[in-house]
Each structure stands twice: as C-alpha cells, then as structure tokens.
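*Asks:*
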Amino acid sequence: MREVYGDGRGVLVIPSPDSLAIYLAQDPDAAGCSYAAPLVVAYESSVETRVGNPERAGAKVGQSVRLPWVRTEDIDGDGHTDLVSRLEREVHFHLAPGGILSPIPSWTLDLAALEAELPKLDGIQFSDLLTHAGRGVDWRVADLDGVAPSDLVLRVGGSLRVYLGGAARGPVGRATQVLRSSGNVLFFFLRDVDGDGREDLQLLRSEGLSLARILRWLIFPGTLEFDLYTYENVATGKSVATDDTGADERIVFTKRPTRRQGVDLAIPRLASFEGRSDEIEAQMESDFAVPARRFRLGPGAADVVDLIDGRLVVHIDPPLAGVPELPREGGAAMAWIEALILDDLDRQGDGGRRKIDLSDPATFRVAEGALLREACAGRPPTLVRPLSDAPQGDDERTPQLLSRDLDGDGLEDLIVVRRSEQGYGLEFLVWR
Numbered sequence: 010m011r012e013v014y015g016d017g018r019g020v021l022v023i024p025s026p027d028s029l030a031i032y033l034a035q036d037p038d039a040a041g042c043s044y045a046a047p048l049v050v051a052y053e054s055s056v057e058t059r060v061g062n063p064e065r066a067g068a069k070v071g072q073s074v075r076l077p078w079v080r081t082e083d084i085d086g087d088g089h090t091d092l093v094s095r096l097e098r099e100v101h102f103h104l105a106p107g108g109i110l111s112p113i114p115s116w117t118l119d120l121a122a123l124e125a126e127l128p129k130l131d132g133i134q135f136s137d138l139l140t141h142a143g144r145g146v147d148w149r150v151a152d153l154d155g156v157a158p159s160d161l162v163l164r165v166g167g168s169l170r171v172y173l174g175g176a177a178r179g180p181v182g183r184a185t186q187v188l189r190s191s192g193n194v195l196f197f198f199l200r201d202v203d204g205d206g207r208e209d210l211q212l213l214r215s216e217g218l219s220l221a222r223i224l225r226w227l228i229f230p231g232t233l234e235f236d237l238y239t240y241e242n243v244a245t246g247k248s249v250a251t252d253d254t255g256a257d258e259r260i261v262f263t264k265r266p267t268r269r270q271g272v273d274l275a276i277p278r279l280a281s282f283e284g285r286s287d288e289i290e291a292q293m294e295s296d297f298a299v300p301a302r303r304f305r306l307g308p309g310a311a312d313v314v315d316l317i318d319g320r321l322v323v324h325i326d327p328p329l330a331g332v333p334e335l336p337r338e339g340g341a342a343m344a345w346i347e348a349l350i351l352d353d354l355d356r357q358g359d360g361g362r363r364k365i366d367l368s369d370p371a372t373f374r375v376a377e378g379a380l381l382r383e384a385c386a387g388r389p390p391t392l393v394r395p396l397s398d399a400p401q402g403d404d405e406r407t408p409q410l411l412s413r414d415l416d417g418d419g420l421e422d423l424i425v426v427r428r429s430e431q432g433y434g435l436e437f438l439v440w441r
C-alpha cells in the first residue's frame, strides 16, 4: 500500500495472474479504512525458459518472467498522470480527468483490427524478408500543434495517420492527416529535428533484403542501406483539398520529406564473423555490468557515480564529451537509436549518412556505464565513500545504482541495490 496521488490517500495494489486491482482509499481521516471501486488494469505476462548451449561450458540455464507492460505518464496533456497497459492485441488507456484515474479504460487501441487492414501475405517473402517487419502497427502520443489535448499518431504498415486531440479519445473518425510511404517502414519517430520546439516526423525505411543476399554475405562482405525521411511539423491550421470530393485535411507535417538521410550497415563476411560472436557477447556482458551512471546534484549538472571495489565513487562535472546519454532502466529501444544514430544525423543535416561497421569492435561499445567509467579513468574522484557491510559470497550479483530525488529537494539521491541468492539489499544515500 502506498500514496501515489500526493493527496494523503493510500493506494492498495493487488496483483492477479492477468490484472492489477488498484484500490484508492476514500477518506484518510475517517475511522477505519474504506476503498473506492478498484481500477482493474489488464496485462499479459510471459515466461521464457533458456536451456543453454550444450557445446559451451559457461552456458546459462534458467527461466525469466517478463513483467506486464504498464506505464504511467501524462497521455492527454492535462497535467495529470494517466496509465497505459499494453496487451498482445490491444492497448488500454486509463486517463485521469481531475487527477483520478478512470476505473475502466477511457479508450482502447485495437491493434488486431488495425493489423487486419494490411494486405495478407502468402507465406514468407524470400525475395524481401523485411516485408514482414514493415507490416507492424505502432503508435505515439505528443503535442504536435500546441493545443490541448495531446495528439495521436498511428503507423499501420507504410501509412501514418495523425489525429489531433486523439490522445484523449483515440483514433475516432477521420484522421486529421494521412501520409503514405512506399517500401518497408520499420520505425517512426516524433522528434524536434530542427530545434523549433515542435515534434517532427521521421520514418526509417529499409531497402529490400532477400534470402539470396544473406547467403552471399556468408562469403562476401556487403552493406544494408536504410533511409531516414524527415517531415517537418508545420501545424499551421491551414486546410487543403485532398481528393476529388473536395474533402479537407489539416496540414500537420509537410507532405514531402524536408530531409533525406541514411544509415549504412556494413556487414562483414559472416562465415568469419561467427567465430567472433562469443567474444563480442562476452565483452558486451562485461560492459553492461558496469554500474556507473549519470546523476545530477543540481540543475543542468552532469555528474557520475560508480561502484568500484565496494566503494561509492563520485565525480563532479567530469569531461563527458563524446559519451552519449543512453536510456537508464532499459526497454527503450527507440531511445537507443536516437542517442546513437539520429542525434548524429541531426548534426549532419540534409543528405547526411551514418555508417555502422559491424566488423569494428567499437560499434558494440554501447553500454553507458562502461563509457562513463572510461571517461573518468585517471581523474581524481570528488568523493569516495565505503558502502555499508552487506552479505558477500560467490552468489552475489554486481550491485546496481539507481538515482531518484527521494526527499524532494531537487537533488538526485542514490539507491544501491545488492542482490544475491539470499535476496535483495537496499542502501539509500540522501544528499544534504
């Protein structure tokens, strides 16, 4: 039970195999405790079993449980925190008008119905294997025109549909604007590319990838090209005729790309690359185990905290030029692409291209912790503090660092998470 609304009322959360029941205490001052009707949040969990590679002495065997995809954020832009729950076939949006979450979904995005709109494919397309990747359904919510409520953008295959105000009601009625792209649209992004404060639309499109081409890469190196198209956010409110019936459409994004850029993925000879895959995997596991992370002791600060030999090591304002700020708690693939690729293309402007060489070991150095530790190497730390004694043993995992403003003073505090077979240990470090 915890308080989440900041109004003094506790919230009781009871999980079940397929949903979370969230009960809000009605009156904290009344004798006893009573709860309103529960907010039921549906979810789907999955269990994955790994049997390991019998040919490797260090193979890992185990089972993982994927927690439900549930997140909280201000979806409709009214200043109140809403809740989103993703299931396999649909997404539920619980909005919070007046600050209280709706006990039932305010609206639901039917992914299955949108996927049914796409043309059916007859089996695997060996002439272009990425055809299947470009047939997905995706969505984003953002403020595109500066007018509340926030707006909804849907990708259905190569079609992009914009619904102004759609974050509050879903894709109801005719889309405000529809953009169509040929080829395989793999991802789309809403980002402020030109620095005008408005979210622009970017489409990442791939060239065809046949099975024959992959087999050729077993013997010869090659390149897989991706195109990035940017459609500027104009959001003028101007309407134009879009078809012979005289129907009007409001312009949110330019109808043609204002920037054309690219990503070239250099593929080494796969027959020789296979022997290096174990080495690369081991290096990446080692890099991601480094707990170093950014944290901020003040507005605009960029400090680094690390755990080395059981001691907390703090560097205040170290030189971090060239170290990209990567997602913290995982699960943000789009943010990784933005930090490692798209930001560089923004600086290059129209016509820029980014090469990613898979034969270069530096390509796989993408763990922020390892990069931060290297950036601070040889620099005297500002603070070194031993951690409190905790159970040690061969089964203890690498400690993790989390940063949160625990006491509301605007400074990020630290949480050290230690995990072993005996359970978890937490140490809270609050800056004064």
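Numbered according to my numbering, the sequence shown spans residues 10 to 441. All residues carry an ideal CB built from backbone N, CA and C; glycine is no exception.
#1: Looking at the structure shown, is isoleucine 365 part of a helix, part of a strand, or coil, going by DSSP?
#2: Please report the distance separating the alpha-carbon of glycine 246 from that of arginine 285.
#3: Give me the residue from Arg222, Leu354, Ala376 and Phe235 with the minimum Cα distance to leucine 279.
#4: Should glycine 339 go down as buried or exposed, given a rule of 16 or more other Cβ atoms within 10 Å for buried?
#5: Less than 6 Å between C-beta atoms, sequence neighbours within five positions excluded: which residues of the same chain meet that for valine 187?
#6: Among Glu334, Asp355 and Leu354, which one has its Cα closest to the Cα of tryptophan 345?
#7: Below 9 Å between beta carbons: does that hold for histidine 324 and threonine 391?
#8: Measure the CB-CB distance between phenylalanine 197 and valine 162 and report whether it falls below 9 Å.
#9: Could you pull out every residue in the same chain whose Cβ sits closer than 8 Å to the Cβ of serine 111, ignoring the five residues on either side in sequence?
#10: Please check if any C-beta of chain C sits within less than 9 Å of the C-beta of arginine 394.
#11: For leucine 210, which residues of its own chain have a beta-carbon under 6 Å away from its beta-carbon, when the five flanking residues on both sides are left out?
#12: Work out the CA separation of glycine 108 and glutamine 292 for me, nearest whole Å.
#13: Answer with buried or exposed for leucine 227, where buried requires no fewer than 16 other C-beta atoms within 10 angstroms of its C-beta.
#14: Specify the secondary structure class of glutamate 277 as computed by DSSP and reduced to three states.
#15: Among Gly86, Leu92 and Asp83, which has the Cα closest to the Cα of alanine 50?
#16: How far does the beta strand (DSSP E) with glycine 231 in it extend, from its first residue to its last?
#17: Run through the region 343 to 397 for me and flag every whole alpha helix (DSSP H) of 4 or more residues, listed as ranges in chain order.
#18: Mapping the DSSP letters down to three states, classify serine 215 as helix, strand or coil.
#19: At what residues does the alpha helix (DSSP H) containing glutamine 292 begin and finish?
#20: Considering only residues of the same chain and omitting the five flanking positions on each side of tyrosine 14, which have a CB-CB separation below 6 Å?
#21: Roughly how many angstroms lie between the CA atoms of aspartate 296 and glutamine 409, to the nearest whole one?
#22: Between glutamate 99 and the rest of its own chain, which residues show a CB-CB distance below 8 Å, the 5 nearest in sequence each way excluded?
#23: List the endpoints of the continuous alpha helix (DSSP H) containing leucine 9.
#24: Which parts of the region 99 to 157 are runs of the beta strand (DSSP E), unbroken and 3 residues or longer, counting only runs that do not cross its ends?
#25: DSSP state of isoleucine 325, grouped into three classes?
#26: Just verifying my parser: in three-state terms, what is the DSSP assignment at glycine 271?
#27: Would you grab the beta carbon distance between glutamate 82 and threonine 90 for me? Rounded to a whole angstrom, and I think it's under 8 Å.
#28: I need the straight-line Cα distance from glycine 451 to glycine 88, nearest angstrom please.
#29: Please tell me whether arginine 388 and proline 300 are closer than 9 Å, where the distance is taken between their beta carbons.
#30: Whose C-alpha, out of Pro230, Ala371 and Arg394, is nearest the C-alpha of aspartate 318?
#31: If I measure Cβ to Cβ from leucine 127 and keep anything under 6 Å in the same chain, skipping five residues before and after, which residues do I get?
#32: Within the same chain, show all residues whose beta-carbon is closer than 7 Å to that of leucine 354, passing over the 5 residues directly before and after it, in chain order.
#33: Could you spell out where the alpha helix (DSSP H) holding arginine 225 opens and where it closes?
#34: Is the CB-CB distance between arginine 268 and aspartate 359 below 9 Å?
#35: Using C-beta distances below 8 Å, list every residue in its chain close to proline 180, excluding the 5 sequence neighbours before and after it, in chain order.
#36: When burial is assigned at 16 or more other CB atoms within 10 Å of the CB, is glycine 204 buried or exposed?
*Replies:* Short version:
#1: If DSSP states are grouped into helix, strand and coil, isoleucine 365 belongs with the strands.
#2: Confidence at glycine 246 is low in this model, with a pLDDT of 48, below 50, so its placement is unreliable and the value that follows should be read with caution. Distance between the alpha carbons of glycine 246 and arginine 285 is about 55 Å.
#3: Selected option, being the one with the closest Cα: Arg222.
#4: Here glycine 339 scores only 46 on pLDDT, less than 50, and its place in the model is too uncertain to base an answer on.
#5: For valine 187, where only same-chain residues beyond five positions count, the Cβ hits under 6 Å are Arg170.
#6: Out of Glu334, Asp355 and Leu354, the CA that lies nearest to the CA of tryptophan 345 is found in Glu334.
#7: Yes; because the gap between Cβ atoms is below 9 Å, this pair is in contact.
#8: Valine 162 is positioned such that its CB atom lies closer than 9 Å to that of phenylalanine 197.
#9: So the list reads Leu48, His103, Leu104 and Ala105, once near-sequence residues are dropped.
#10: Absence of chain C from the displayed structure is noted, only one protein chain being present.
#11: For leucine 210, where only same-chain residues beyond five positions count, the Cβ hits under 6 Å are Tyr240 and Phe262.
#12: C-alpha separation (whole angstroms): 46 Å.
#13: Its Cβ having fewer than 16 others within 10 Å, leucine 227 is exposed.
#14: The displayed chain sequence assigns proline, not glutamate, to residue 277. For proline 277, the secondary structure class from DSSP, reduced to helix, strand or coil, is coil.
#15: It is worth fixing the name first, because residue 50 is valine in this sequence and not alanine. If we check each option's Cα against that of valine 50, Leu92 comes out closest.
#16: Glycine 231 -> beta strand (DSSP E) spans 231 to 240.
#17: Runs of the alpha helix (DSSP H) inside the region 343 to 397: 352 to 357 and 377 to 385.
#18: The answer is strand: DSSP assigns serine 215 an E or B state.
#19: Note, glutamine 292: alpha helix (DSSP H), 286 to 297.
#20: Note that tyrosine 14 scores 49 on pLDDT, short of 50, meaning its location in the model is unreliable; the coordinates nonetheless yield the value given after this. None.
#21: For aspartate 296 and glutamine 409, the distance between alpha carbons rounds to 13 Å.
#22: Same-chain partners within the cutoff: Thr117, Leu118, Asp119, Leu120 and Ala121.
#23: There is simply no residue 9 to check, as the chain begins at 10 and stops at 441 in what is shown.
#24: Along the region 99 to 157, the beta strand (DSSP E) occurs as fully enclosed runs of 3 or more residues at 99 to 103, 116 to 119 and 146 to 151, listed in sequence order.
#25: Under the three-state reduction of DSSP output, isoleucine 325 falls in the coil class, being neither helix nor strand.
#26: It is a strand residue.
#27: 7 Å between Cβ atoms; contact.
#28: The chain is shown only over 10 to 441; residue 451 falls outside these bounds and no answer can be derived.
#29: In this structure, proline 300 does not lie closer than 9 Å to arginine 388 by Cβ.
#30: It is Arg394.
#31: Around leucine 127: Arg144 and Gly166.
#32: Excluding sequence neighbours, leucine 354 sits near Leu237, Gln270, Gly361 and Arg363.
#33: The continuous alpha helix (DSSP H) containing arginine 225 extends over residues 220 to 226.
#34: In this structure, aspartate 359 lies closer than 9 Å to arginine 268 by Cβ.
#35: Closer than 8 Å at the Cβ level, and outside the excluded window around proline 180, lie Leu118, Leu161, Leu163, Arg170 and Tyr172.
#36: Residue environment: glycine 204 is assigned as exposed (fewer than 16 neighbouring CB atoms within 10 Å of its CB, all protein chains considered).
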